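Going letter by letter, the sequence shown gives residues 1469 to 2046 in our numbering.
Comments concern the structure below.
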Amino acid sequence: MVEGGIAKADKTEFTECWRTTWKTPYIMRLAFSAGIGGLLFGYDTGVISGALLFIKEDFDEVDKKTWLQSTIVSMAVAGAIVGAAVGGWINDRFGRRMSILIADVLFLIGAIVMAFAPAPWVIIVGRIFVGFGVGMASMTSPLYISEASPARIRGALVSTNGLLITGGQFFSYLINLAFVQTPGTWRWMLGVAGVPAIVQFVLMLSLPESPRWLYRKDRVAESRAILERIYPAEEVEAEMEALRESVEADEAIIGDSFGAKLKGAFANAVVRRGLAAGVTVQVAQQFVGINTVMYYSPSIVQFAGYASNSTAMALSLITSGLNAIGSIVSMMFVDRYGRRKLMIISMFGIISCLIILATVFSQAAIHAPKIDALESTTFSPNATCPAFAPLATPNAPPSGWNCMKCLRSECGFCASGVQPYAPGACVVLSDDMKATCHSKGRTYFKDGCPSKFGFLAIVFLGLYIVVYAPGMGTVPWIVNSEIYPLRYRGLGGGIAAVSNWVSNLIVSESFLSLTHALGSSGTFLLFAGFSTVGLFFIWLLVPETKGLQFEEVEKLLEAGYKPSLLRRRNKAKGADTA
């Protein structure tokens, strides 16, 4: 997913990485300490999905208003957009290390605010603070690692940031499960998020600033001292010379104002074509619906008919684990099979899984348990669903009413105590009614219905992650690290990253409202449609950059990229004209 970026790394780099860090553990200390920023982002992404289930139980207004649930989730993304934008200026003005320290403080403040929140709006404020920290860390951590790593293993070390993002998501689900039976469940889940921030803050206090930033600020002696701890003695002078040339070249470019650089970028055909490819893959990554799966996977599992919060989170743990494994798979194959091929294969798999998931949820809705009219009207005093009561007679339930119709009428379904899929009672949606249903030894449903198809939803949700993670999960960030000319790489990557965050915000903010309006089936079908559009534009606009030097990529874009099918068609037309 998302967000921190994963650098290209091949098998040779990984072998050299282990050899070098074994000889110089200080390098791994630098990379791991900064990489905790990726862990913070991953943890926040995963923890809110489980915490939301219990926030709804504590605050009725959150339970009843899907827009409020979406806002709680997506405000961290909104904060991240601002954090990433401001983080660029802070990085250049105060340094990478200071940016990480500020991000940790913001994240800790957000975690404390959420843990002690007396009302939903306070949770939202805490989420915004967390977003500021995550946005800064997501762009600064890879930058610090890159600038403090030996060139020959830089790609492998920067890629640890991506692994820590998915590892953080997995860890968050473990934490969610650990606090399911603890008083104050969601407060602990969100509060524990401050622990990695404290750990990183303490570690970073003992680490130096980026040698590249120090050199740019004319603190050459400090820069050399750090490089001497990273490189063998015989390589330090060469690195200093390379650093001098690189910084001088950058300063010649960065002398332009931001407005002039932006104008120059869009006037440059190579940059425009690079942005078309880079923004396309970033937007497509979000509109396949991945972050709705990561943010809302426990809710999706409940939509599939698993009412228990702990069961939903346990099953969701599988999705985050598969995502982490997929990141490793991508590193193994992206340089062997290519970026474009992995993304296209991934998109075909994603579309297939989304269509199947839409079908599964549709069948689950059609075959949902019927409503027992007699039991619904006699379950307990004033228990009958208000929408159902005027239509019901003891022996003749209204036509078309089943569990799903009951839930869409904002009521609850108390399943049969005899068979899980037998007719049950359509009752009032309330905590008291849930307790009454449980007291009779029955299960109370409010997000999904008991279904024979529920296990299929879990299977294809897992497959969706399996096909997403190695392709669309990691490759868009690799493409964006290669697709722009050197002098515009920061600007181009920043524009593409903002497009990713904005798309993330749109999708996460609208997901629950879409499921309420279209149903789970319609929502997954809509994502399948978006994915199909994304597949087409990836095929049309994104070239293969595997094995190419940066200069070769630039020449490829300068000539104008066209898929092989269109090139053959143009050749055929040219031959006919001749």
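Glycine included, every Cβ here is placed at the ideal spot set by N, Cα and C.
Computed from a prediction, not measured in an experiment: that's the story for all the values here.
### Task
Go ahead and label Lys2023 buried or exposed: buried means 16 or more other beta carbons lie within 10 angstroms of its beta carbon, across all protein chains shown.
exposed
### Task
Put Phe1913 into one of helix, strand or coil per three-state DSSP.
strand
### Query
Quick one: what does DSSP say Asn1968 is sitting in, helix, strand or coil?
helix
### Task
Report back the beta-carbon spacing between Ala1548 and Gly1746 to the nearest angstrom; my notes put them in contact at under 8 Å.
Their Cβ separation, rounded to whole angstroms, is 19 Å, which puts Ala1548 and Gly1746 out of contact at 8 Å.
### Simplified DSSP state of Ile1839, which is helix, strand or coil
strand
### Short Cβ contact (7 Å threshold) for Val1927 with Ile1818
no
#### Entry: Spatially closest choice to Asn1644 from Ser1976, Val1943, Gly1518, by CA coordinates
Gly1518
### Query
From which residue to which residue does the beta strand (DSSP E) around Ala1893 run?
1893-1895
### Nearest-angstrom beta carbon gap, Phe1669 and Asp1572 [assumed within contact, 8 Å]
4 Å
### Query
Counting Cβ pairs closer than 8 Å, one from the segment 1667-1686 and one from the segment 1549-1566, do we hit at least three?
yes
### Task
Whole angstroms is fine: what's the gap from Pro1679's alpha carbon to Tyr1612's?
9 Å
#### Entry: Residue interval of the beta strand (DSSP E) (run including Gly1880)
1880-1882
### Message
Quick check: the Cα distance between Ser1788 and Leu1842, rounded to an integer number of angstroms?
### Response
43 Å
### Task
Under 7 Å Cβ to Cβ from Ile1722, same chain only, skipping five residues before and after it: list those, please.
With a pLDDT of 47 at Ile1722, under the threshold of 50, the modelled position of this residue cannot be trusted; read the value that follows with caution. Counting only Cβ-Cβ distances below 7 Å, and skipping sequence neighbours, we find nothing.
### Query
How about Ala1890 and Leu1993: are their beta carbons less than 7 Å apart?
no
### Task
Could you tell me whether the Cβ atoms of Gln1753 and Met1543 are closer together than 7 Å?
no
### Task
Ignoring anything shorter than 4 residues or poking outside the segment 1629-1683, list the alpha helix (DSSP H) runs there in chain order.
1653-1659, 1662-1673
### Task
Could you work out which residue in Glu1529, Gly1990, Thr2013 is closest to Ile1823 when comparing CA atoms only?
Gly1990
### Message
Please list the terminal residues of the continuous alpha helix (DSSP H) segment that includes Pro1888.
### Response
Element bounds for Pro1888: n/a, residue is neither H nor E.
#### Entry: Asn1870 (DSSP reduced to helix, strand or coil)
strand
### Task
May I ask which residues mark the beginning and end of the alpha helix (DSSP H) holding Lys1902?
1899-1907
### Message
Using C-beta distances below 6 Å, list every residue in its chain close to Pro1664, excluding the 5 sequence neighbours before and after it, in chain order.
### Response
Ile1504, Leu1507, Leu1508
### Task
Tell me, please, which residues DSSP counts as bridged to Arg1852.
A quick correction: the sequence has Thr, not Arg, at residue 1852. Beta-bridge pairing links Thr1852 to Val1895.
### Task
Would you check if the distance between the CB atom of Gly1601 and the CB atom of Leu1632 is smaller than 7 Å?
no
### Task
Could you pull out every unbroken alpha helix (DSSP H) segment of at least 4 residues lying fully inside the segment 1538-1621, listed in chain order?
1564-1583, 1588-1615
### Task
Following the continuous alpha helix (DSSP H) through Thr1827, name the residue where it begins and the one where it ends.
1807-1834
### Task
Going by CA-CA distance only, name the one from Phe1522, Gly1961, Phe1755, Phe1500 that's closest to Val1667.
Phe1500
#### Entry: Own chain, CB closer than 6 Å to Ile1694, minus 5 neighbours either side, in chain order
Pro1676, Pro1679
### Message
Check this for me: beta carbons of Met1604 and Gly1551, under 7 Å apart or not?
### Response
yes
### Query
When the distance is taken between beta carbons, is Ala1585 closer than 7 Å to Ile1591?
yes
### Message
Quick check: Trp1446 and Ile1523, are their CB atoms within less than 7 Å of each other?
### Response
This structure gives no information on residue 1446, because the portion of the chain shown stretches from 1469 to 2046.
### Query
If you check the beta carbons only, do Ala1832 and Phe1921 fall under 7 Å apart?
yes
### Query
Gly1892 and Phe1881: beta carbons closer than 7 Å?
yes
### Task
Have a look at Ile1793, Glu2012, Tyr1494 and flag the residue whose alpha-carbon is nearest the alpha-carbon of Arg1804.
Glu2012
### Query
CA-CA distance, Leu1609 and Ala1985?
The residue asked about is misnamed: residue 1609 is Ser in this sequence, not Leu. If you take the alpha carbons of Ser1609 and Ala1985, they lie about 39 Å apart.
### Sub-7 Å separation of Ala1733 and Leu1959 beta-carbons
yes
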